[in-house]
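Going by the working numbering, the residue at position 207 of the sequence shown is 236; the numbering climbs one at a time, nothing skipped.
Worksheet for the structure shown next.
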Amino acid sequence: MKKKLMIFDVDGVLLDLEEGSYVWLLKKLGRGEEAKNVYELYLRQRLRKPWGLEEFAQLFKGIEVKKIEKVIESSLPIMEGAENVIIELKERGYMIIAISSAPSFLLKYLKKKLNLDRVYGSVLEVKDKKFTGRLIKKVDRYAKARELRKLMKEFEIKKENVYVVGDSVTDISMARVVDHFIAFNPKDEVLEKYAEFVIKEKNLREILRFLK
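Below, the structure is given as structure tokens:
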């Protein structure tokens with residue numbers, strides 16, 4: 030069987046989150062107003078350049094890791110169809126990987142929850158079981174493409190055997206690397222120019238219609 034790779038973005042794709050995981054978490058932790066301000070600034074910048082990950086990381090300063098873990102375990106909103114579609118993809122022989130700017134601690138939980146093969150996310154520094162507010166690894170739109178290229182080289186998978194599912198301009202860098210890009214409820218109209226297929230329905234099972 031030939032090797033096949035399915036790459037998912039996380040916010041708005043594997044997770045049903047309009048504003049993203051940073052804003053969702055910070056709202057749950059009582060820092061919603063500060064998160065909203067950063068998010069509004071991010072929206073003004075996002076079409077031009079990466080911005081906001083360091084600013085979001087600063088808002089986690091002083092928060093206990095255990096407190097965040099409880100929030101994630103109790104209320105993380107998985108996208109409709111995500112669990113079923115991953116089971117189906119595994120049966121079809123796909124390796125399933127999530128690449129996102131979302132925090133790595135959230136992605137690690139998602140990996141276990143959805144039985145993903147690998148996850149790549151931004152890393153927030155922790156000392157004495159609390160977040161320091163520092164970002165020590167950034168997965169921005171450019172890092173996404175770099176990670177994808179590394180994976181394709183590691184597993185010796187050709188671009189025609191790789192699918193990427195994304196929803197925003199931050200996924201365009203990955204779309205340029207592969208033959209198959211699926212825009213899932215795209216937040217940005219420009220994304221549709223790079224998409225082989227466009228889905229405008231909040232059910233991840235819809236991607237199965239387009240797989241070869």
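Even glycine gets a Cβ: it sits at the ideal position worked out from N, Cα and C.
The structure displayed is predicted, hence computed values, not measured ones.
For residue 138, no beta strand (DSSP E) run applies; the uninterrupted alpha helix (DSSP H) run containing it begins and ends at 133-143, by DSSP. Taking 3 residues as the minimum length, the beta strand (DSSP E) runs contained wholly in the region 110-189 are 123-132, 147-156, 159-166, in order along the chain. For residue 178, same chain residues with a beta-carbon under 8 Å away, outside a window of 5 residues either side, are 206 in chain order. Residue 186 and residue 139 have their C-alpha atoms spaced approximately 24 Å apart. For residue 37, the enclosing beta strand (DSSP E) covers residues 33-37. The beta carbons of residue 115 and residue 125 sit closer together than 7 Å.
Relative to the Cα of residue 143, the nearest Cα in the group 39, 235, 32 belongs to 39. Inclusion of residue 217 and residue 202 in the CB contact set at 7 Å is not warranted, their separation being larger than that value.
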